[in-house]
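Right, one structure below, let's go through it.
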Amino acid sequence: MRSFVPPLSRLLLWPSLMIALALWLKGGASVGGGFPAGALAGLAVLLQYVVAGRDQARRYVAVRYAAPLAGVGLLLVVGTAFLPVLGGYTPMSLFPRPDQPEVGVGGLHLHTALVFEGGLMLIVFGLVVTVIDRFALRTGTEEESGP
Amino acid sequence: MPLWGPLLLPWVLGAVLAFLDGRRAWVAWLAILGLAGTLVCTAWLLPQAWGAQAPQFVTGDWPVGVGIRLRADQLSIVFALVSTAVLLGTLVYEHVAGGITSRSFPALVVFLGAGLTGVFFTSDAFNFYVFFELAMTAAFALASYGEKPRNLRAAFTFVVVNLMGSTLFLTAVVMLYLTTGTLDMLSIIAWGQAGEPFALVVPGTLLLCAFGVKLGFFPFHFWAPAVYRDAGPTVAALLAGALANIGSYGLLRFGVDVMPQVLAQARPLLEILGAASILYGSVLALSRRDTREVLAYASITQAGLIIAALSLDGREGLCAAVALALAGSVDKTALFLAQDRGGERARRAYSVAAFSTAGVPPTAGFWSKAWLLRAALEQGHTALAGLVVLASALSLLALFRAYQRERWLKEGAALHRGTGAVVYALSLALIAVGLWPEPLLRAGRDAIQGLGTLP
């Protein structure tokens, strides 16, 4: 009998990522943010590793390049935190400033905090996936040895 | 120098280093230069921190409570300086000792530095947790450095135990917020002065447990011997010398500064925990045959001394706690690095650091212990004073029994010029402070003076 788990896990991947994106985008105004978004995306990938195995999970580009993604995220975070310093603002200043007109459509407001949160999302996702991948690599290639 | 200088430098450098191969010599030197730059930037803040108003800013120019306040008073600066110096020394040691074997080692050490500087400079309870976790994450990755089975075993113990500590800490932060309605430390202080003194007892107890796990005093010490024995010597030096400072700093910051009322209530408990750690660490250090385990138990004694100093009424005990933490940090780094090698130079450096740990003059450890002894006698805690003397004698015995017994003194690669320079610099710093203790005493006194909420 074929298990229903593998197809179900594949079906779950894209909706999970969509929810992760939504969490990222609405983090500025309501519950959400880059950290839960990254953690959720990482968990979605973990499900693929557990159900389909390392090779199948690594078909996705973002999974193969998870570690560099975390690095890019770090650059985004550090950039948005400290670049305002060059313009004479305090670190972590938000653009557009509170007195400037807002940019955005409907509930979506575009501001530099989104970039910061996006960077955070990439860091969390990259780290979670890298750690999972290392574990998968170890259990896949080595015999378990006692202490 | 603006306050964000020492925060910016390790962050940017860490982000760049994350993309580079840390096994190359120039990458290691870049990391070393960056840490040295952070040290200089922090030292630059000294005059401002000792000025009328401690340097501070609120992120994004938001009002306090929305934005995060970062603030560097004397306590922050002295801890940041010593911890960064220890990280720098250890990184130089690892590089000149024969090359870094892991791609990410320099980046991780720099991130550990970024996390520690953030922890010391932040004035927001949740932000403290964020930086603390950043430092811990870097330390988790560092703990497995070497990648031998024993290193991985040490890393696993370290990660599991410290994650439990982090959970306790996060719970305490949530409770603090729910009780006081703010996460800003200065606002919590104001709330505590106005509000009910018993309201913060539960988060205070959780914080004591969380920092207890980091600092490793009895009964939260159980991970320390296994981790310090099995992790690589440089990693053990990083964990014992720099990371444990989070524990002592956190206890001072949250106990003395943020919740002095809770600390006053906790004093009898701290006295018992301190005395138990001192006795437990000293006696077990004597019973161990592995040098690193001896050092681990010596560090439990050291943590007990800090806790015992916190349990004393009045400022003198707290000043002694700062001095003990700072001197102990350098002691432990020097000991862990010196016992890695053999030969004449290692012997000398080890002896100096061992004398300092035991509190033999003229070393930094002598002054910090003498301060604690004086404070204890002034307060009439003769039993505690007796314990301090007993702990000194037993530490001396345990550390030199290890010295006598160990093969590493005769065999093993000797300290060459580069590694010897690092270990010598640490030992000489201990002797220099022993001969001219004014900076250490002043650091202790002013750091506590700056907290200002005590009678």
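Chains A and B, in that order, are what the protein sequence lines are. So the first sequence is numbered by numbering that gives the first Met the number 0: it starts at 0 and just counts up by one. So the second sequence is numbered by numbering that gives the first Met the number 0: it starts at 0 and just counts up by one. Glycine included, every Cβ here is placed at the ideal spot set by N, Cα and C.
Contact check, B:GLY145 vs B:GLY240 under 8 Å by CB: the rounded distance?
That pair is no contact at about 18 Å.
Just to confirm before moving on: does the CB-CB distance between B:ALA324 and B:GLU270 stay below 8 Å?
no
B:PHE56 - containing beta strand (DSSP E), residue span
55–57
Consult DSSP for B:ARG68 and reduce its assignment to one of helix, strand or coil.
strand
If we count the other Cβ atoms within 10 Å of its Cβ and call it buried at 16 or more, is A:GLU143 buried or exposed?
Any reading at A:GLU143 must be qualified, since the residue scores a pLDDT of 46, below 50, and its modelled position is unreliable; no value is offered.
I want to verify the contact list: residues of chain A whose CB lies under 9 Å from the CB of B:TRP43, in sequence order.
By Cβ distance, chain A contributes nothing, its closest Cβ being about 16 Å from B:TRP43, past 9 Å.
Since A:PRO90 meets chain B, which of its residues come closer than 7 Å, beta carbon to beta carbon?
TRP3, THR58
Could you give the distance in angstroms between the alpha-carbon of B:GLY66 and the alpha-carbon of B:ASP60?
7 Å
Could you work out which residues of chain B lie near A:PHE81, taking near to mean beta carbons separated by less than 9 Å?
TRP3, LEU6, LEU7, TRP10, VAL11
Quick check: the Cα distance between B:ALA363 and A:LEU126, rounded to an integer number of angstroms?
41 Å
Among residues of its own chain, excluding the 5 on either side of B:THR170, which ones have a beta-carbon nearer than 6 Å to its beta-carbon?
LEU205
For a cutoff of 8 Å on Cβ pairs, would you count A:VAL77 as touching chain B?
yes
DSSP three-state label for B:LEU311, please.
coil
From the DSSP output, in three-state form, read off A:VAL104 for me.
strand
Report the three-state DSSP secondary structure of B:THR121 (helix, strand or coil).
strand
With C-beta atoms as the reference, is B:GLY117 less than 8 Å away from B:ARG22?
no
By the DSSP assignment, the alpha helix (DSSP H) with B:ILE277 in it spans what residues?
259–286
Identity of the residue in A:ALA43, A:LEU136, A:THR89 nearest A:PRO5 by Cα:
A:ALA43
Does B:ALA392 have its Cβ less than 8 Å from a Cβ in chain A?
no
Simplified DSSP assignment, three categories, for B:LEU19:
coil
If we cut at 8 Å on Cβ distances, does B:ALA153 have a partner in chain A?
no
Taking 8 Å as the threshold, find out whether the region 63–79 of chain A comes into contact with the region 43–53 of chain B through three or more Cβ pairs.
no
Leaving out five residues before and five after B:GLY211 in sequence, what residues of the same chain have Cβ atoms less than 6 Å from its Cβ?
PHE219
Just grab the DSSP bridge partners of B:VAL63 for me.
B:GLY66
Taking all protein chains shown into account, do 16 or more other C-beta atoms lie within 10 angstroms of the C-beta of B:ALA93, making it buried, or fewer, making it exposed?
It is Glu, not Ala, that sits at residue 93 of chain B in the sequence shown. Looking at its Cβ environment, which holds 16 or more other Cβ atoms inside 10 Å, B:GLU93 is buried.
Helix, strand or coil, according to DSSP, for B:THR41 in the structure here?
helix
B:ASP226 and B:PHE335 look like a contact to me (Cβ under 8 Å); what is the Cβ gap, rounded to whole Å?
According to the sequence provided, residue 226 of chain B is Val. The question's Asp does not apply to it. The Cβ separation is near 12 Å, so there is no contact.
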